[in-house]
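**Student:** Numbering (the working numbering), first residue to last: 73 to 293.
What follows is a structure written as structure tokens; I'll ask about it next.
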């Protein structure tokens, strides 16, 4: 019985040492196999870049607020912006706008600012914003990266009115924007042209989310 116990102890120790050696071997092999991939990705990702883009998408607004303000709870979303990249850190700013689907349009006889012609015109409803954002890009290849950014959007003007006329009627539309998270998937060519599919999730304000596609170009250093 004692001999059997000793044999079991010896076998368990042998198994333990062999198992440790096996784990060590796997770790070394993984490190050796992964290094060329890391070097390839590291060398393929741009060190820095300067990039201009135009985005077009659809935004969702809080239903209760939209009803109170006389617009539908979805709007066209437009962004025109610039973005810089330093290694994996990205940062940018630009202008954005919401083109509301208006439920409370009005018409008015107006005199045009340019030309002075008198005519009947209908109102439109929109918002003009500024935004700033920053975040991180992870490059899978020299063409594809996944980014996560955070930013803030300021609503400078949100109203229903008639453009290009004197003393025209206008009404404020009280819909706010605010803090957001912006995950995105980007495809970029070696010459700087890029396409991006992005999703905005708003943490504050009356806008709930937005999905957009962007196209642009710039210089890769």
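Ideal Cβ placement from N, Cα and C applies to all residues, glycine included.
Is it the case that the Cβ atoms of residue 129 and residue 149 are separated by a distance below 9 Å?
**Tutor:** yes
**Student:** Starting from residue 131, follow the beta strand (DSSP E) in both directions and report where the run begins and ends.
**Tutor:** From DSSP, the beta strand (DSSP E) with residue 131 extends over 120-133.
**Student:** Quick one: is residue 191 buried, meaning 16 or more other Cβ sit within 10 Å of its Cβ, or exposed?
**Tutor:** exposed
**Student:** Helix or strand or just coil, what does DSSP make of residue 177?
**Tutor:** coil
**Student:** Looking at C-beta atoms only, is the number of pairs between the stretch 172-184 and the stretch 228-237 that lie closer than 8 Å three or more?
**Tutor:** yes
**Student:** List the DSSP bridge partners of residue 196.
**Tutor:** 233
**Student:** Hey, would you say residue 122 sits closer than 9 Å to residue 291, going by beta carbons?
**Tutor:** yes
**Student:** Would you call the CB atoms of residue 272 and residue 284 closer than 9 Å?
**Tutor:** yes
**Student:** Ordered along the chain, which non-local residues of its own chain (more than five positions away) have a Cβ less than 6 Å from that of residue 256?
**Tutor:** 219, 268, 270
**Student:** Residue 265 and residue 250 - do their beta-carbons sit closer together than 9 Å?
**Tutor:** no
**Student:** What is the rounded straight-line gap between the Cα of residue 231 and the Cα of residue 188?
**Tutor:** 24 Å
**Student:** Taking 8 Å as the limit between beta carbons, can you name the residues of its chain near residue 222, skipping five residues before and five after?
**Tutor:** Around residue 222: 205, 206, 207, 251, 252, 253, 254.
**Student:** For a test of the three-state rule: what should DSSP assign to residue 137, helix, strand or coil?
**Tutor:** helix
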